[in-house]
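**Student:**
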Amino acid sequence: YAQIILAEDRPLNGGTGHTVAFDWDRYDVADPGRDVARFTIQLRRLARGRLGSLRALDGPGDAFQRTYVAARGPECVANLAFYQAAICLQFGEYLARRQTRHLEKIVAMLDEGLRILAQGAD
């Protein structure tokens, strides 16, 4: 999964610069909600690993989602909860298959996927 965001003058933090997003993940055509889900869940994984909380980067994730919806319309995130949950569960399963298992990461991703299924997308 390769998403690259280039930001000038920190527009997500109130600056006046520009943000450009490149999405080079697997080069296929699919539900755009899947791309939003991948990016937001990747931010949560990064936040948990580097900042100690799944929610530490929700601000930039929310800004990305709002911008995406503004550009594509609300129908682009109609299946967002499904894709977010599926990505969490897939990553939890991937971690469980690894030789060096990180139980805390596995539990965090599975819990997040199940929470999203129960409550809907954020």
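Note that the working numbering has the sequence shown beginning at 4, numbered continuously upward. Quick reminder that beta carbons are idealized off the backbone N, C-alpha and C, glycines included. On a predicted model such as this, the values are computed, not experimentally measured, just so you know.
With DSSP run on the structure shown, which of helix, strand or coil describes G3?
**Tutor:** Residue 3 falls outside the range modelled here, since the chain spans only 4 to 125, and no answer is possible.
**Student:** If you draw a straight line from the C-alpha of A40 to the C-alpha of L83, how long is it?
**Tutor:** Going by the C-alpha atoms only, they are around 6 Å apart.
**Student:** Our contact map puts A111 next to L57 with C-beta atoms below 8 Å; I'd like the distance itself, whole angstroms only.
**Tutor:** Sure, about 6 Å apart at Cβ, within 8 Å.
**Student:** Report the residue ranges of all alpha helix (DSSP H) runs contained in full by the stretch 30 to 109; include only those spanning at least 4 residues, in chain order.
**Tutor:** Whole alpha helix (DSSP H) segments, 4+ residues: 35 to 54, 61 to 75 and 83 to 100.
**Student:** DSSP on G123, reduced to helix/strand/coil?
**Tutor:** In the structure shown, G123 sits in coil (DSSP, three-state: anything other than H, G, I, E or B).
**Student:** Given a threshold of 16 other Cβ atoms within 10 Å of its Cβ, counted over all protein chains shown, does L49 qualify as buried or as exposed?
**Tutor:** Answer is exposed; the Cβ neighbour count stays below 16.
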